[in-house]
Each structure stands twice: as C-alpha cells, then as structure tokens.
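Each remark here refers to the structure printed beneath this line.
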Amino acid sequence: MVCLTPTRSLSYEGDPMSSLRAGQLNRRISLQRQSNAQDSYGGPVRTWLNVATIWADIQPLTGRELESAQRMASEISHLITVRYQSSLTDTRVVSGYRALYKARIFNIHAALNEDESNVLVTLLASEGLDDG
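With the first letter of the sequence shown counted as 1, position 21 gets the number 21 in the working numbering; the numbers rise by one all the way through.
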C-alpha cells in the first residue's frame, strides 16, 4: 500500500482543533463543481459553480511519492489539505470538483479524512491546463 503524505507535516498537539496553526493553511482556494447550462441557442455549455472558498495547504508530491503514486493513479501530483468539512469526505461527490488557486487549476480525484479524526481532509489532486 502506498502512503501519500505531504512533504511538510501539518502537526498539532493536544486538541487538534485548538492547536492547528492557521499559518499552515496559507493558500486561499476556491472549490468548484461542474454544472451544465445552456447557451443562447439552447446548446449545452459546461460551467463551474463555486462551492466554497477556504484556506488550504498545497503540497506537490516528492519524486519518490510521485513515482509510487503513478502506480496507483498516474494523475495525482498534489495533496491539498483543508480543515474538515463533512461535505468534503464523500469521494463520489468531491471527485467531480476542482480547486482554483490563483491561475492554477487542480482536478480533485479523492478525499481522505486524516486519521478519521474530522480535523483535516486531504484532497488528492492533479494540476492541469484543462478545465476539469
């Protein structure tokens, strides 16, 4: 089994909610879900709707992690860690999301509730130029 972990640990001591330093989640990202709309001629158009704007930590996988991850899923290139939200723990839902950070697009493939402690969620993502 391959263990995907950030290269910089988001550690906390004691009560995790009170000790997690806000500075560790220092990237403001927008989570979006795909939506279908119609253009002025009635044709289908794919659009993206904002689901949430939250603080996150974005970590690229190290070369070793990336090599191991490629055996599992060739697309995973980044781990995005955010505070726990129950809406982010269902991979069937979240795998259709994307995260925007500045001009970068990260397609979300899965979500992991760290230690099942309901403190942090790690999103397995790939960075790409496509729109999801």
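Cβ atoms here follow ideal geometry from the backbone N, Cα and C, with glycine treated the same way.
Nearest to Asn-118 by alpha-carbon distance, out of Val-82, Gln-24, Val-94, Ile-108, is Val-82. Secondary structure at Thr-91: helix, using DSSP grouped into helix, strand and coil. The Cβ atoms of Leu-123 and Ile-76 lie no closer than 8 Å to each other.
In the structure shown, the three-state DSSP call for Asp-57 is strand. If you draw a 10 Å sphere on the C-beta of Asn-26, you find fewer than 16 other C-beta atoms in it, and that means exposed.
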